[in-house]
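Contents: one structure, followed by commentary.
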Amino acid sequence: MPEVEITARRLTTAVEGKEVESALATGVATLKTFDPPLDALEGGTFKGVRRIGKMLAIDFDAGTELTMLVHLMSAGRLQVAEKRASTKDKRSRLRIRIAGEGELRLREFGTRQSAWAKLMPTGGVASDEMVATLGPDAFPPPPLEQFAELIDQPRHLHPLLRDQRTIAGIGRSWVDEILWRACLSPFKKGSEIDDDEVKELHDALPLLGNVVKHYESVIGETVPDKLPMPLQVHRREGEPCPRCGTKIEAVFFAEHQTNYCPKEQTGGRVLKDRRLSRLLK
Ligand SMILES: [Zn+2]
91 MPEVEITARR LTTAVEGKEV ESALATGVAT LKTFDPPLDA LEGGTFKGVR RIGKMLAIDF
151 DAGTELTMLV HLMSAGRLQV AEKRASTKDK RSRLRIRIAG EGELRLREFG TRQSAWAKLM
211 PTGGVASDEM VATLGPDAFP PPPLEQFAEL IDQPRHLHPL LRDQRTIAGI GRSWVDEILW
271 RACLSPFKKG SEIDDDEVKE LHDALPLLGN VVKHYESVIG ETVPDKLPMP LQVHRREGEP
331 CPRCGTKIEA VFFAEHQTNY CPKEQTGGRV LKDRRLSRLL K
């Protein structure tokens, strides 16, 4: 969430009020809609960019109100470039040319094309399946009682908190930080934690807002490809826990990992590394 939020804020400053010259989808499967066509944006005006969960919504006034809903997935970036990219830029998936100079472009790093965009009437955004199914946003956090109800599910906290239908805006990096802050195991179930633990978890959520504040102070006009994420435990296996000095451990999954402090989060237990146990089979 904090990365998407700062992106929305900086992009709004960069494009608000500017005119769209043309729009082009260069990624094979990036644009998931065909009606209205991308051409409908030509001659329109950028109204701004806002965050919806982990997605970005670019609003346009193009005779009618249109919105482009974008999900960057794990490797996408939405950036304003002063110079237009060469048509050979393999990372470009979608380009919206700004009248005069420059373009707003969706680029994707890595080989997979998973970032996507949908163009729709602004009035249709709320009922889009990706938006309509979102739980309450994590920033600002929902009230404690509502949060307690949301997470009262027999699922591990790590996937539960990342489930956008439960609570929106928490990704793979920040869930580790939130659980570490709350001293809770990623493998404890939402329905198993007591009232005090629910409160600890709820109290940890404002760290997302603090990260946005951090980005506000360190990021200039443009958001860099690699953000200076102030992570304390995520991807820090082998390093000492910043709070107690115990070695940070990791559990690896196919596409992500979770890091934790065994002393403070799992009662001293080092959890089985699933990657390792798979290799040993
Ligand atoms: Zn610790």
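Positions 91 to 371 (the working numbering) are the ones given, in order, by the sequence shown. Note that the Cβ used here is the ideal one computed from N, Cα and C, for glycine as well. From a predicted model like this one, the values you see are computed outputs, not experimental measurements.
Got a sec, what are the start and stop residues for the alpha helix (DSSP H) residue i sits in?
i	result
Lys137	From DSSP, Lys137 is part of no alpha helix (DSSP H) but of the beta strand (DSSP E) over Thr135 to Ile142.
Met91	Neither: Met91 is in no alpha helix (DSSP H) and is coded neither H nor E.
Ile188	Ile188 -> not in any alpha helix (DSSP H); beta strand (DSSP E) instead, spanning Ser182 to Ile188.
Flag this pair as yes or no: are the beta carbons of residue i and residue j separated by less than 9 Å?
i	j	result
Val215	Thr157	yes
Val221	Ile142	yes
Ile96	Leu317	yes
Leu184	Ala113	yes
Ala340	Glu354	no
Thr123	Leu196	no
Here's the rule: buried if 16 or more other CB atoms are within 10 angstroms of the residue's CB, otherwise exposed. What is residue i?
i	result
Leu370	Confidence at Leu370 is low in this model, with a pLDDT of 47, below 50, so the placement of that residue is unreliable and no value is reported for it.
Ala258	buried
Asp125	exposed
Pro233	exposed
Arg271	buried
Arg167	buried
Hey, quick one: how far does the beta strand (DSSP E) through residue i stretch, first residue to last?
i	result
Ala115	Val110 to Ala115
Pro211	Trp206 to Pro211
Ala340	Glu339 to Phe342
Rounding to the nearest angstrom, what Cα-Cα distance links residue i and residue j in this structure?
i	j	result
Arg99	Arg252	23 Å
Met319	Gly299	13 Å
Phe342	Asn349	9 Å
Ala205	His304	26 Å
Val94	Leu101	10 Å
Leu209	Leu146	12 Å
Ala189	Asp227	34 Å
Assuming residue i contacts residue j under a Cβ cut-off of 8 Å, what Cβ separation, rounded to an integer in Å, is found between them?
i	j	result
Leu128	Val110	The Cβ separation is near 10 Å, so there is no contact.
His292	Phe229	With a Cβ gap of about 13 Å, His292 and Phe229 do not count as contacting.
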